[in-house]
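Residue numbers (UniProt numbering): 1 to 285.
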Amino acid sequence: MGQTLLVLGILFFLTTSGLKMDREYQRGVIFRLGRIRGVKGPGMYWIIPWVDQKSQLDIRTKTVNIEPQETVTADSVTIKVNAVLYYRIIDPAKAINKVENYEMAVYQIALTTLRNVVGQNILDDVLQNRDKINFKVQEIVDEITEPWGVVIERVEMKDVEIPPNMQRAMAKEAEAIREKRARIIKAAAEQEASVKLAEASKNITENPSALELRRLQMLTEIGAENNTTTIIMMPSDFVAVAKRWAEGGANGSTPEPTPYQGTAIPFVAPIERPLEDASESDRPT
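Spelled out as structure tokens, the structure:
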């Protein structure tokens, strides 16, 4: 009876000591006498005590913060860049067996790759085409880490630090570009306005009555304002006759008068101030 209890106790101890459990995001790599026997988990499973050994790995996505790296771009500008990298383990057995420390290995590869890729691009590409650089770094690092059972999910550049003198030069360049754009827009507007004015001048020249109508409109606008200024606009035919007389006098000859054929425009009398606007001394007694 005592021996039976002893055997049962030993079996119970071996059974309980060999029970292992992994969470949903964990996997266990089992080594038996130094050789990989497979990957266990998630859930509860049993291994042979003192014979099997388990190495537990977290297969969730992890982040690597790449510290600022000083590098020289293709156009010889010294800048500092930093980034963040996202990766996860897809093959726990390779992550344990193929590389000593996969976390440090991923960090070092990402560090050197970021510096090399940025150095192959000019400063404008680094600032404007970050997505292209991110994809290139991800592609290179993922190709290197694939034998380790690690997949690179994403790479993002966070900050690009530019020297102060380069920042001032870029600000001046941007200001010059904006000024150039404003001048081009202004020149285009002036050109369009000149075309419209030329068309209006042509229409008025071909239709003299339009000019007379415009003159009447100006007189109406002037009369509508509360002022005492009087403007007398003579018909264009009067101006033409006066011009011919002036030219004839300069040549020593007197031109023949021609009858007026223009549009009659009434004389605009001076506008007197209303009695209600006059002062008390100006009113008649």
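From the three backbone atoms N, C-alpha and C, an ideal C-beta is built for every residue, glycine too.
Check: Residue-chain proximity (Glu24, chain B), Cβ-Cβ < 9 Å; Outcome: The structure shown contains no chain B; it is built from a single protein chain.
Check: DSSP-derived helix/strand/coil call for Ala83; Outcome: strand
Check: Buried/exposed call for Trp50, threshold 16 Cβ in 10 Å; Outcome: exposed
Check: Bounding residues of the alpha helix (DSSP H) (the contiguous stretch that carries Pro92); Outcome: 92-97
Check: Integer Cβ distance of Ala83 from Val29, believed to fall under 8 Å; Outcome: About 30 Å separates the two Cβ atoms, so there is no contact after all.
Check: The ligand GTP heavy atom lying under 8 Å from the CB of Lys186; Outcome: This structure lacks the ligand GTP, and indeed carries no ligand of any kind.
Check: Any alpha helix (DSSP H) of 4 or more consecutive residues that is wholly inside the UniProt domain "Band 7" (17-174); Outcome: 92-97, 102-119, 123-128, 130-145
Check: Spatial neighbours of Gly9 in its chain, beta-carbon cut-off 6 Å, leaving aside the 5 residues before and after; Outcome: none
Check: Nearest-angstrom Cα separation, counted from Ile204 out to Thr220; Outcome: 19 Å
Check: Among Met218, Ile79, Ala182, the one whose alpha carbon lies nearest that of Leu123; Outcome: Ile79
Check: Same chain, Cβ closer than 8 Å to Pro163, neighbours up to 5 away in sequence not counted; Outcome: Val77, Thr78, Ile79
Check: Residue environment, Thr112, which counts as buried when at least 16 other CB atoms sit within 10 Å; Outcome: exposed
Check: For Ala93 and Gly38, the rounded distance between their alpha carbons; Outcome: 7 Å
Check: Status (buried if at least 16 other CB within 10 Å, exposed otherwise) for Val7; Outcome: exposed
Check: Coil, strand or helix - Asn203 by DSSP; Outcome: helix
Check: Tyr260, DSSP secondary structure in three states; Outcome: Low local confidence applies: a pLDDT of 48 at Tyr260 is under 50, so the model's placement there is unreliable, with the coordinate-based value given in what follows. It is coil, neither helix nor strand.
Check: Proximity to Val126 [Cα-Cα], best of Gln138, Asp75, Tyr102, Ala174; Outcome: Asp75
Check: Residues near Asn121 in its chain [Cβ-Cβ closer than 8 Å; skip 5 each side]; Outcome: Thr73, Ala74, Asn129, Ile133
Check: C-beta atoms of Arg88 and Ile59 nearer than 9 Å; Outcome: yes
Check: Alpha-carbon to alpha-carbon, Asn116 and Glu70; Outcome: 11 Å
Check: Span separating the alpha-carbon of Leu213 from that of Ser201; Outcome: 14 Å
Check: Under 9 Å between C-beta atoms of Leu114 and Val99; Outcome: no
Check: Contact the segment 41-56 vs the segment 15-27: 3+ CB pairs below 8 Å; Outcome: yes
Check: Ile66 to Tyr107 span [Cα, whole Å]; Outcome: 7 Å
Check: Whole-angstrom distance between Asn101 and Thr145, CA atom to CA atom; Outcome: 12 Å
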